[in-house]
Amino acid sequence: MIQFLKTKISPVFAFIVVIVFGYVAITLMSQVYGQYANDQLLVRI
Numbered sequence: 240m241i242q243f244l245k246t247k248i249s250p251v252f253a254f255i256v257v258i259v260f261g262y263v264a265i266t267l268m269s270q271v272y273g274q275y276a277n278d279q280l281l282v283r284i
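Taking our numbering, the leading residue of the sequence shown gets 240, the next gets one more, and so forth.
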């Protein structure tokens, strides 16, 4: 079963993981950086 997953589903699974991880990372970073940037702008202005 593990060998089957490695040989057959590995490329697709890796691609899906990269897409999901990238989407989650971008979403979290945009939210955190957005709040941080807004706070910094308000403080500096």
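Heads up, the beta-carbon is just placed ideally off N, CA and C, and yes, glycines get one too.
| query | result |
| --- | --- |
| Using the Cα positions of Y272 and F254, report the straight-line distance between them to the nearest angstrom. | 26 Å |
| Please go through the stretch 248-273 and give each complete alpha helix (DSSP H) segment of 4 or more residues, from N-terminal end onward. | none |
| Have a look at P250 and V256 and give me their C-alpha separation to the nearest angstrom. | 10 Å |
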